[in-house]
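Scroll down for the structure; my scribbles are underneath it.
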Amino acid sequence: MRATKQLYSQVDETGNVVAERLHLLPGMKLPQGHTWVPFIAPVSEVKSRKKSEINSNRSSAKIASVTYLDKEWQADKVSSDLLVNTILLVSLDIIPVPTIWRSLDNTNVEVTLQDLKSIAALIAINTQDAYTKSWQLKDSIDSATTVEDISAITW
117 MRATKQLYSQ VDETGNVVAE RLHLLPGMKL PQGHTWVPFI APVSEVKSRK
167 KSEINSNRSS AKIASVTYLD KEWQADKVSS DLLVNTILLV SLDIIPVPTI
217 WRSLDNTNVE VTLQDLKSIA ALIAINTQDA YTKSWQLKDS IDSATTVEDI
267 SAITW
């Protein structure tokens, strides 16, 4: 029995077989004596990519808008910093309590200091929930032993 040479080690993003920097297009035949061996990334690499995916999802989730007073409020860093700084400056009697705060849909909404604190609390809870979920998912990734198990983990 003759040994089969295995030069084909991966498939690119379009599904083409990659053979030493050459592409074997679908429908083309492999040279005689060669077999295609699908590329399977090492589990450690798949875990690393999945953790990056989780980090990206966490980044999006922690700045998702929050709902209060039947309005959506921005939770991005700039909006959150403005809100927290306003609450701090009011508590130090440096500025008066704003009576209007602009919601995500650019509507001016009458608010109290307690309303601003509640919005800030919702943003903080949302951020903590996003981190907690990412930690749990990363623990699942660390416990997974196969590419299939890792791939099944989703945000």
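One point on numbering: in the numbering used here, the residue at position 78 of the sequence shown is 194, and numbering is uninterrupted. The C-beta atom is built at its ideal place from N, Cα and C for all residues, glycine as well.
Under three-state DSSP, which class holds residue i?
| i | result |
| --- | --- |
| N224 | strand |
| Y271 | Per the sequence shown, residue 271 should be read as Trp rather than Tyr. The answer is coil: DSSP assigns W271 none of H, G, I, E or B. |
| I216 | strand |
| K187 | strand |
| A240 | helix |
| S259 | helix |
For residue i and residue j, I'd like the C-alpha separation in whole angstroms.
| i | j | result |
| --- | --- | --- |
| Q244 | S195 | 17 Å |
| T262 | V159 | 6 Å |
| N173 | W271 | 7 Å |
| D258 | D209 | 49 Å |
| Q148 | T248 | 54 Å |
| Q252 | I269 | 11 Å |
Tell whether a beta-carbon distance below 8 Å holds between residue i and residue j.
| i | j | result |
| --- | --- | --- |
| V225 | L185 | yes |
| A177 | A237 | no |
| I182 | N222 | Note that residue 182 corresponds to Val in the displayed sequence, not to Ile. Cβ atoms of V182 and N222: not closer than 8 Å. |
| W189 | S164 | no |
| I170 | L199 | no |
| D329 | I211 | Residue 329 cannot be examined here, being either before or after the span of the chain that is shown, 117 to 271. |
| I266 | K166 | yes |
I'd like to know whether the C-beta of residue i is nearer than 8 Å to at least one C-beta of chain C.
| i | result |
| --- | --- |
| I269 | Looking at the structure shown, chain C is missing, and only one protein chain is on hand. |
- Item | Stretch pair the region 199-213 + the region 229-244: three plus CB contacts closer than 8 Å | Yes, since at least three Cβ pairs between the region 199-213 and the region 229-244 fall closer than 8 Å, the two stretches touch.
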